[in-house]
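Undergrad: Sharing a structure here in structure tokens format.
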Amino acid sequence: MINKDQSIWGSMGTTILTLNDLSSRVKQVSSIVYLFILLFIALASNAWIQNDTKWMIEGIAAAILLASFLSFLSNDTYNIVAGMTLWTVVIFTSSRAFYGDGLYDTVLLFYPCVLIFAAFFGGRAMIVPLSCYMVTSFYFFAYALSKNIIEPTIIANNSSWAKATEMSILLAVYGVGIVLITGYFKSLMRKLSESKKNYELVKQKAERLILFDDVTGLGNAEKCKIDLKKTLIEQRRDTSIIGFVTLHVNNISWINSSFGHSFGEQVLISLAERFKSLQDDFTSVYRTSGIEFTFVTHADDYTKLQDFCHQAIRLAIAPVSISEYDLESNCSLGVAVAPFDGKTYEALNRKSSFAVYKARRDEQNNCYFYESEMEASITRRINMNSDLRTAINESQFELYFQPIVELSNNRIVGAEALIRWKKDNTLIPPYEFIPVAEESGLIVEIGRWVLEKACTECAKWQALGLQGISVAVNLSPVQFKRGNLPNHVFRALQKNHLDPSLLELEITESLFIDDTETIEKQIHIMVQKGVYFAIDDFGTGYSNLNYLSKFNASTLKIDMSFVRHMKTTPQLEHIVNAIIKMSHAMDLENVAEGVEDAETAAALKEKGCAYGQGYYWSKPLPADDFVAFVQAHNKI
13 MINKDQSIWG SMGTTILTLN DLSSRVKQVS SIVYLFILLF IALASNAWIQ
63 NDTKWMIEGI AAAILLASFL SFLSNDTYNI VAGMTLWTVV IFTSSRAFYG
113 DGLYDTVLLF YPCVLIFAAF FGGRAMIVPL SCYMVTSFYF FAYALSKNII
163 EPTIIANNSS WAKATEMSIL LAVYGVGIVL ITGYFKSLMR KLSESKKNYE
213 LVKQKAERLI LFDDVTGLGN AEKCKIDLKK TLIEQRRDTS IIGFVTLHVN
263 NISWINSSFG HSFGEQVLIS LAERFKSLQD DFTSVYRTSG IEFTFVTHAD
313 DYTKLQDFCH QAIRLAIAPV SISEYDLESN CSLGVAVAPF DGKTYEALNR
363 KSSFAVYKAR RDEQNNCYFY ESEMEASITR RINMNSDLRT AINESQFELY
413 FQPIVELSNN RIVGAEALIR WKKDNTLIPP YEFIPVAEES GLIVEIGRWV
463 LEKACTECAK WQALGLQGIS VAVNLSPVQF KRGNLPNHVF RALQKNHLDP
513 SLLELEITES LFIDDTETIE KQIHIMVQKG VYFAIDDFGT GYSNLNYLSK
563 FNASTLKIDM SFVRHMKTTP QLEHIVNAII KMSHAMDLEN VAEGVEDAET
613 AAALKEKGCA YGQGYYWSKP LPADDFVAFV QAHNKI
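If you're matching positions, the sequence shown starts at 13 in my numbering and goes up one per residue.
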């Protein structure tokens with residue numbers, strides 16, 4: 013790539029130089045024409061002093077002819093004018109020698125001067141014919157002398173001064189010509205030198221654009237790829253391992269959205285300056301993507317490589333002071349090791365990315381080394397993502413319903429809608445595909461289908477005489493992010509002519525860490541229309557009581573992890589009891605999940621729990637089976 017760019021910039025520099033030289037070439041040709049005009053005028057003057065009328069007229073005529081050439085001298089014709097000028101001089105010279113002393117005539121000294129100018133302006137195309145003409149004229153003069161066609165004049169005392177003057181003039185012209193040509197070549201060399209300097213500057217600028225990040229000044233992915241190739245070649249003579257470490261800055265998107273992109277850039281610049289402190293003869297650092305830095309480092313063993321990673325983490329998570337804010341970054345590191353995990357940039361980068369993905373999911377501000385299971389897991393998730401799209405298009409999903417029972421009278425008053433994915437006659441549980449759907453965003457489309465299907469089934473229950481049986485639908489935090497969830501909910505209710513009070517939407521405490529203002533606004537809109545909200549799995553997360561009032565929750569669902577073993581574990585029973593009492597104090601309904609036996613149901617009823625849900629009454633059932641079960645249980 014670099015060689016290709018060099019050739020591009022080199023050819024560009026040559027083109028610029030050529031274009032700039034056009035105007036100077038015209039001036040050079042003009043200078044030469046004027047020089048020869050002065051020459052012929054000088055020769056004519058010398059002939060006038062010697063009373064040689066013939067050559068005086070010849071000299072003036074040649075000067076006038078050359079002056080006429082200047083009238084059509086331009087960028088397009090300078091080569092033609094130069095050729096005509098030189099041919100005029102050569103013809104004048106040979107004519108003067110023929111009528112003079114032939115081979116012994118000093119005027120022939122014009123020939124080498126003409127060839128110098130021909131070499132400068134025309135190259136071979138001009139030198140070859142002029143040289144041929146000159147050589148031919150030499151043999152012609154020799155022949156003419158041998159046949160006495162040319163008779164050399166006897167040098168008299170009174171003509172020696174004229175010869176001396178003529179030779180002095182020719183010598184002066186020759187010297188001036190050499191000086192001019194030397195000046196031209198010096199000028200050309202200066203231009204070439206300047207062009208080379210400009211080329212180097214352009215080359216350096218292009219190299220920075222190609223190989224370096226313009227925000228942090230660190231090498232980019234392309235630079236990393238080039239350097240790593242050299243490092244891997246050198247490793248063959250070394251016994252150390254090479255760590256390819258990818259550091260993913262997890263919360264840059266949040267910083268950008270909260271404070272603006274300029275703050276995010278400042279954070280990245282500050283991190284880059286810190287990471288530069290890790291650079292030495294054995295370690296290089298790069299910014300390989302918008303939110304990722306890459307370290308290529310030599311290490312004696314895995315322990316030292318892990319120590320290096322923890323050092324990078326400490327630098328990454330230290331607060332960054334920008335304006336009046338102290339911003340904290342969190343990161344995830346993935347490590348691939350050469351030569352064991354790969355011997356190319358592509359292989360090492362891919363495998364360190366798998367490790368980063370694992371680190372981001374499991375534990376922030378930690379590093380994971382690549383393992384083959386990571387790649388297999390991600391491949392399975394990618395395949396599942398593709399299968400989910402197919403499932404949406406081919407309607408492979410089903411809704412099952414688990415009864416919710418009022419403990420005081422043992423009557424079924426509602427049901428929780430639970431999605432099931434039937435693929436190749438095999439039911440895939442939600443805990444396997446829901447996380448994948450949330451990561452890919454497919455949960456929005458799936459959630460919309462669940463909502464509409466649940467409302468449709470609930471409306472059927474009312475028509476079948478199961479009056480007042482409500483349906484509860486779980487929501488994902490992802491469904492709130494677009495801000496149009498109320499529209500989907502109201503559309504599903506209106507489409508099925510279902511009373512909003514028969515729909516309860518369940519949200520988990522994980523929703524509390526997202527954009528609470530946007531979520532609170534959407535929940536309030538739906539609550540005002542009569543939709544109920546329940547906090548699912550209460551007690552397993554933040555248990556922030558402030559959010560209960562903020563989100564207009566009407567029900568707390570006690571997580572099954574507390575309920576299932578409450579009779580055998582006193583601590584769990586105390587937790588359940590505390591949640592029930594708190595819900596009463598806050599005027600909230602409560603539902604205990606995971607009720608699996610009569611003893612647990614009785615204990616919950618005694619503690620004041622209003623509703624129960626679990627295998628004690630029924631596992632989740634298909635829609636038709638659920639209707640039959642309710643009719644039999646409630647004896648409708």
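Glycine residues also receive a C-beta, built at the ideal position from the N, C-alpha and C atoms. Since this is a predicted model, take the numbers as computed values, not measurements.
Hey, how far is the Cα of V543 from the Cα of I537?
TA: Taking the sequence shown and counting its residues from 1, one reaches residue 543 at position 531. Taking the sequence shown and counting its residues from 1, one reaches residue 537 at position 525. V543 and I537: Cα-Cα distance of roughly 9 angstroms.
Undergrad: Mark K647 as exposed unless 16 or more other C-beta atoms lie within 10 angstroms of its C-beta, in which case mark it buried.
TA: Walking along the sequence shown from the start, residue 647 turns up at place 635. By the 10 Å Cβ count, K647 comes out exposed.
Undergrad: Taking all protein chains shown into account, decide if A640 is buried (16 or more other Cβ within 10 angstroms of its Cβ) or exposed.
TA: The residue you call residue 640 lines up with position 628 of the sequence shown. Exposed is the call here.
Undergrad: Quick one: grab the DSSP three-state call for V543.
TA: Start at 1 with the first residue of the sequence shown, and residue 543 comes out as number 531. Coil at V543, not helix or strand.
Undergrad: Let me know the beta strand (DSSP E) ranges lying completely inside the segment 469 to 512, each 3 residues or longer, listed in chain order.
TA: Listed in chain order, they are 482 to 486.
Undergrad: Return the chain-ordered list of same chain residues with a C-beta closer than 7 angstroms to the C-beta of E605, the five sequence neighbours on each side being excluded.
TA: The residue given as residue 605 occupies position 593 in the sequence shown. Within the same chain, E605 has close Cβ partners K569, I570, D571, M572, V575, Q625, G626.
Undergrad: Am I right that Y123 and M96 are in contact with their C-beta atoms under 8 angstroms? What's the rounded C-beta distance?
TA: As a working note, residue 123 is residue 111 in the sequence shown. As a working note, residue 96 is residue 84 in the sequence shown. Wrong, their Cβ atoms sit about 17 angstroms apart, outside the cutoff.
Undergrad: Does the distance from the C-beta atom of A635 to that of E469 stay below 7 angstroms?
TA: Working through the sequence shown from its first residue, we reach residue 635 at position 623. Working through the sequence shown from its first residue, we reach residue 469 at position 457. Yes, the pair counts as a contact, with Cβ atoms nearer than the cut-off.
Undergrad: Are the beta-carbon atoms of F275 and I334 separated by less than 7 angstroms?
TA: In the sequence shown, the residue the question calls residue 275 occupies position 263. In the sequence shown, the residue the question calls residue 334 occupies position 322. For F275 and I334, yes; Cβs fall inside 7 angstroms.
Undergrad: Near S488, which residues of its chain fall below 7 angstroms by C-beta distance, leaving aside the five closest residues on each side in sequence?
TA: For this step, residue 488 is matched to residue 476 along the sequence shown. Taken in chain order, the residues that qualify are E450, I455, G459.
Undergrad: Pick helix, strand or coil for A56, following the three-state DSSP scheme.
TA: Here residue 56 refers to the residue found at position 44 when the sequence shown is read from its first residue. Note: A56 maps to helix in three-state DSSP.
Undergrad: Using three-state DSSP, classify A7 as helix, strand or coil.
TA: The structure shown does not extend to residue 7, since the chain is modelled only from 13 through 648, so no value can be given for it.
Undergrad: In whole angstroms, what separates the C-alpha of S630 from that of V607?
TA: Counting from one through the sequence shown, the residue named residue 630 turns up at place 618. Counting from one through the sequence shown, the residue named residue 607 turns up at place 595. Whole-angstrom Cα-Cα distance: 10 angstroms.
Undergrad: Please classify L360: does DSSP put it in a helix, a strand, or coil?
TA: Counted from its first residue, the sequence shown places residue 360 at position 348. Helix at L360.
Undergrad: Determine the burial state of P351: buried for a count of at least 16 other Cβ atoms within 10 Å of its Cβ, exposed for fewer.
TA: Taking the sequence shown and counting its residues from 1, one reaches residue 351 at position 339. When all chains shown are included, P351 counts as exposed.
Undergrad: State the CB to CB distance for the pair I424 and V642, rounded to an integer number of angstroms; the pair is presumed to be in contact (CB under 8 angstroms).
TA: What you label residue 424 is simply residue 412 of the sequence shown in a count that begins at 1. What you label residue 642 is simply residue 630 of the sequence shown in a count that begins at 1. Right, their Cβ atoms sit about 5 angstroms apart.
Undergrad: For I5, collect the residues of the same chain with a Cβ closer than 7 angstroms to its Cβ; drop the 5 residues on either side in sequence, then sort them by chain order.
TA: Residue numbering for the chain in the displayed model covers 13 to 648; residue 5 lies beyond these limits and cannot be assessed.
Undergrad: Answer yes or no: do A546 and T567 have a C-beta to C-beta separation smaller than 7 angstroms?
TA: Taking the first residue of the sequence shown as position 1, residue 546 is located at position 534. Taking the first residue of the sequence shown as position 1, residue 567 is located at position 555. Yes.
Undergrad: Report the residue from A79, A367, E358, K617 whose alpha carbon sits nearest the alpha carbon of A233.
TA: The sequence position of residue 233 within the sequence shown is 221, counting from 1. Checked all of A79, A367, E358, K617; the closest Cα to A233 is E358.
Undergrad: Who are the Cβ neighbours of A403 in its own chain at under 8 angstroms, not counting the five residues just before and after it?
TA: Counting from one through the sequence shown, the residue named residue 403 turns up at place 391. Cβ within range, chain order: F409, W433, K435.
Undergrad: Apply the 10 Å Cβ neighbour rule to L221 and answer buried if 16 or more other Cβ atoms are within range, or exposed otherwise.
TA: Here residue 221 refers to the residue found at position 209 of the sequence shown. It is exposed - the Cβ of L221 has fewer than 16 other Cβ atoms within 10 Å.
Undergrad: Distance check for I394 and M598, CA to CA, integer angstroms please.
TA: The sequence position of residue 598 within the sequence shown is 586, counting from 1. The sequence position of residue 394 within the sequence shown is 382, counting from 1. Going by the C-alpha atoms only, they are around 44 angstroms apart.
Undergrad: Counting Cβ pairs, one atom from each stretch, are 3 or more of them under 8 angstroms apart for the segment 353 to 370 and the segment 318 to 333?
TA: The answer is no - the segment 318 to 333 does not touch the segment 353 to 370, with fewer than three Cβ pairs under 8 angstroms.
Undergrad: Going by alpha carbons, who is nearest to S365 out of H500, N397, H260?
TA: For the purposes of this step, residue 365 is taken as residue 353 along the sequence shown, with counting starting at 1. Considering only alpha carbons, the answer is H260.
Undergrad: Express the C-alpha separation of S207 and M68 in angstroms, rounding to a whole number.
TA: Residue 68 sits at position 56 when you count from the first residue of the sequence shown. Residue 207 sits at position 195 when you count from the first residue of the sequence shown. Distance between the alpha carbons of M68 and S207 is about 47 angstroms.
Undergrad: So for L633, helix, strand or coil by DSSP?
TA: In the sequence shown, residue 633 corresponds to position 621, counting from 1. Of the three classes helix, strand and coil, the one that applies to L633 here is strand, per DSSP.
Undergrad: Using DSSP's beta-bridge definition, name the partner residues of T520.
TA: Stepping through the sequence shown from its first residue, residue 520 is reached at position 508. In DSSP, T520 forms a bridge with D548.
Undergrad: Report the three-state DSSP secondary structure of G231 (helix, strand or coil).
TA: Along the sequence shown, one-based indexing puts residue 231 at 219. In this structure, G231 counts as strand in the three-state DSSP scheme.
Undergrad: If you reduce the DSSP assignment to three classes, tell me which class K355 lands in.
TA: By one-based count along the sequence shown, residue 355 stands at place 343. The answer is coil: DSSP assigns K355 none of H, G, I, E or B.
Undergrad: Tell me the rounded alpha-carbon separation between A652 and V102.
TA: Missing from the structure shown is residue 652; the chain here goes from 13 to 648 and no further.
Undergrad: What residues in its chain sit with their C-beta under 7 angstroms from that of L633, if we drop five residues either side in the sequence?
TA: Indexing the sequence shown from 1 puts residue 633 at position 621. Closer than 7 angstroms at the Cβ level, and outside the excluded window around L633, lie Y412, F413, F641.
Undergrad: My assumption, with CB atoms under 8 angstroms, is that A475 sits in contact with N508. Please give the rounded CB distance.
TA: For the purposes of this step, residue 475 is taken as residue 463 along the sequence shown, with counting starting at 1. For the purposes of this step, residue 508 is taken as residue 496 along the sequence shown, with counting starting at 1. Not quite, the Cβ-Cβ distance comes to about 10 angstroms (not below 8 angstroms), so this is no contact.
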